[in-house]
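Going by numbering that gives the first Met the number 0, 114 is the number at position 115 of the sequence shown; the sequence numbering is gapless. Where a beta carbon is used, it is the ideal one built from N, C-alpha and C, also for glycine. Notes for the one structure printed next.
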Amino acid sequence: MNYIDYAKEWSDRVEAVIFAEGHPEGAPLSREAHKRAVLKALPGYLLFSFCQVQRALHATPWEPLEGLKAAQLYVIQKHHWDLAQVQSLSEEQLQFVLHEELCQVELTESAYQMAQVDIVYLGMAGLKLKQQPAVPQ
(Lines of atoms letter the chains of each structure in order from A; the text may use other names.)
(Lines give C-alpha, C1' and ligand atoms only; values in the text may rest on other atoms or scores of the structure.)
Protein backbone atom coordinates (compact mmCIF):
# COMPACT_ATOMS: atom_id res chain seq x y z
CA MET A 0 0.00 0.00 0.00
CA ASN A 1 1.25 3.47 -0.84
CA TYR A 2 2.25 5.99 1.83
CA ILE A 3 -0.60 8.36 2.67
CA ASP A 4 0.28 11.87 3.86
CA TYR A 5 -2.61 12.33 6.29
CA ALA A 6 -1.25 15.69 7.48
CA LYS A 7 -1.50 17.06 3.94
CA GLU A 8 -4.87 15.42 3.32
CA TRP A 9 -6.32 16.94 6.50
CA SER A 10 -4.86 20.43 6.01
CA ASP A 11 -5.92 20.48 2.33
CA ARG A 12 -9.49 19.62 3.29
CA VAL A 13 -9.68 22.24 6.06
CA GLU A 14 -8.09 24.89 3.82
CA ALA A 15 -10.51 24.05 0.99
CA VAL A 16 -13.46 24.73 3.31
CA ILE A 17 -11.92 28.01 4.48
CA PHE A 18 -11.31 29.05 0.87
CA ALA A 19 -14.82 28.01 -0.22
CA GLU A 20 -16.30 30.17 2.53
CA GLY A 21 -14.50 33.18 1.07
CA HIS A 22 -12.03 33.77 3.88
CA PRO A 23 -9.30 36.13 2.61
CA GLU A 24 -5.99 34.35 2.12
CA GLY A 25 -3.46 35.27 4.79
CA ALA A 26 -6.05 36.95 7.01
CA PRO A 27 -6.31 35.73 10.62
CA LEU A 28 -8.88 33.00 11.10
CA SER A 29 -11.25 33.27 14.05
CA ARG A 30 -11.64 30.31 16.37
CA GLU A 31 -15.29 29.94 15.32
CA ALA A 32 -14.40 29.97 11.61
CA HIS A 33 -11.72 27.35 12.28
CA LYS A 34 -14.26 25.18 14.16
CA ARG A 35 -16.74 25.45 11.28
CA ALA A 36 -14.02 24.48 8.81
CA VAL A 37 -13.02 21.44 10.87
CA LEU A 38 -16.65 20.29 11.18
CA LYS A 39 -17.22 20.69 7.43
CA ALA A 40 -13.94 19.00 6.48
CA LEU A 41 -14.33 16.03 8.81
CA PRO A 42 -16.93 13.98 6.86
CA GLY A 43 -14.81 14.06 3.70
CA TYR A 44 -11.72 13.12 5.69
CA LEU A 45 -13.58 10.21 7.29
CA LEU A 46 -14.77 9.10 3.84
CA PHE A 47 -11.19 9.29 2.57
CA SER A 48 -10.04 7.17 5.52
CA PHE A 49 -12.94 4.73 5.04
CA CYS A 50 -11.87 4.31 1.41
CA GLN A 51 -8.32 3.56 2.56
CA VAL A 52 -9.60 0.80 4.85
CA GLN A 53 -11.84 -0.69 2.15
CA ARG A 54 -9.06 -0.44 -0.43
CA ALA A 55 -6.70 -2.35 1.87
CA LEU A 56 -9.30 -5.10 2.20
CA HIS A 57 -10.58 -5.38 -1.37
CA ALA A 58 -8.17 -3.87 -3.91
CA THR A 59 -6.68 -6.20 -6.49
CA PRO A 60 -3.97 -5.77 -9.12
CA TRP A 61 -6.69 -5.48 -11.78
CA GLU A 62 -8.90 -3.13 -9.73
CA PRO A 63 -6.98 -0.94 -7.28
CA LEU A 64 -10.21 0.82 -6.19
CA GLU A 65 -8.77 4.30 -6.52
CA GLY A 66 -10.55 7.41 -5.32
CA LEU A 67 -14.12 6.82 -4.18
CA LYS A 68 -14.40 3.44 -5.92
CA ALA A 69 -13.73 1.60 -2.65
CA ALA A 70 -16.71 3.31 -0.98
CA GLN A 71 -18.85 2.83 -4.09
CA LEU A 72 -18.12 -0.91 -4.07
CA TYR A 73 -19.09 -1.04 -0.39
CA VAL A 74 -22.44 0.64 -1.15
CA ILE A 75 -23.10 -1.77 -4.03
CA GLN A 76 -22.38 -4.75 -1.80
CA LYS A 77 -24.34 -3.46 1.21
CA HIS A 78 -27.39 -1.91 -0.47
CA HIS A 79 -27.39 -3.86 -3.74
CA TRP A 80 -27.57 -0.67 -5.79
CA ASP A 81 -26.43 -0.83 -9.37
CA LEU A 82 -23.22 0.80 -10.53
CA ALA A 83 -24.94 3.71 -12.30
CA GLN A 84 -26.88 4.62 -9.15
CA VAL A 85 -23.75 4.64 -7.02
CA GLN A 86 -21.65 6.54 -9.55
CA SER A 87 -24.34 9.25 -9.76
CA LEU A 88 -23.89 10.08 -6.06
CA SER A 89 -21.92 13.20 -5.21
CA GLU A 90 -19.25 12.91 -2.52
CA GLU A 91 -21.62 14.62 -0.08
CA GLN A 92 -24.41 12.15 -0.91
CA LEU A 93 -22.01 9.24 -0.50
CA GLN A 94 -21.08 10.62 2.94
CA PHE A 95 -24.77 10.62 3.86
CA VAL A 96 -25.37 7.07 2.59
CA LEU A 97 -22.34 5.91 4.59
CA HIS A 98 -23.12 8.02 7.67
CA GLU A 99 -23.24 5.04 10.05
CA GLU A 100 -19.98 3.60 8.70
CA LEU A 101 -18.20 6.97 8.88
CA CYS A 102 -19.26 7.36 12.52
CA GLN A 103 -17.66 3.99 13.25
CA VAL A 104 -14.56 4.12 11.04
CA GLU A 105 -11.38 3.42 13.00
CA LEU A 106 -8.65 5.77 11.84
CA THR A 107 -5.03 4.75 11.58
CA GLU A 108 -2.79 6.39 14.18
CA SER A 109 -1.49 8.99 11.70
CA ALA A 110 -4.97 9.77 10.33
CA TYR A 111 -6.33 10.11 13.86
CA GLN A 112 -3.52 12.38 15.05
CA MET A 113 -3.97 14.89 12.24
CA ALA A 114 -7.62 15.62 12.97
CA GLN A 115 -7.26 15.20 16.72
CA VAL A 116 -4.74 18.06 16.95
CA ASP A 117 -7.33 20.53 15.65
CA ILE A 118 -10.14 18.99 17.70
CA VAL A 119 -8.18 19.35 20.95
CA TYR A 120 -6.82 22.80 20.06
CA LEU A 121 -10.32 24.10 19.31
CA GLY A 122 -11.82 22.61 22.48
CA MET A 123 -14.18 20.32 20.58
CA ALA A 124 -14.07 17.56 23.21
CA GLY A 125 -17.53 16.28 22.28
CA LEU A 126 -16.25 15.26 18.86
CA LYS A 127 -14.98 11.72 19.34
CA LEU A 128 -12.96 9.97 16.66
CA LYS A 129 -12.19 6.28 16.74
CA GLN A 130 -8.64 5.02 16.39
CA GLN A 131 -7.52 1.56 15.30
CA PRO A 132 -6.19 -0.46 18.22
CA ALA A 133 -2.43 -0.32 18.58
CA VAL A 134 -0.63 -3.30 17.13
CA PRO A 135 1.36 -5.12 19.84
CA GLN A 136 5.07 -5.24 19.11
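Does residue i pass the burial test, meaning 16 or more other C-beta atoms within 10 Å, or should it be called exposed?
i   : result
F95 : exposed
D4  : exposed
Q53 : buried
Q76 : exposed
R12 : buried
S48 : buried
G43 : buried
V37 : buried
L41 : buried
W9  : buried
With a threshold of 6 Å on Cβ separation, who are the neighbours of residue i within its own chain once the five nearest residues in sequence on each side are excluded?
i    : result
K34  : L121
L45  : L101 and V104
T107 : Q131
A69  : C50, Q53 and R54
Between which two residues does the alpha helix (DSSP H) holding residue i run?
i   : result
H57 : R30 to H57
W9  : Y5 to A19
E90 : E90 to V96
H79 : H79 -> no alpha helix (DSSP H), and no H or E assigned at all.
Is DSSP giving residue i helix, strand or coil here?
i    : result
E105 : strand
K129 : strand
E24  : coil
A124 : coil
Y111 : helix
E65  : coil
Near residue i, what residues of its chain come up, given a Cβ to Cβ distance below 7 Å and the 5 sequence neighbours on each side ignored?
i    : result
Y111 : L128 and Q130
E105 : K129, Q130 and Q131
A6   : M113
A154 : The question about residue 154 has no answer here: the residues shown for the chain are numbered 0 through 136.
L126 : I118
Apart from the five residues on each side of it in sequence, which residues of its chain come closer than 8 Å, Cβ to Cβ, to residue i?
i   : result
D81 : I75
Q86 : Q71
A32 : I17, E20 and H22
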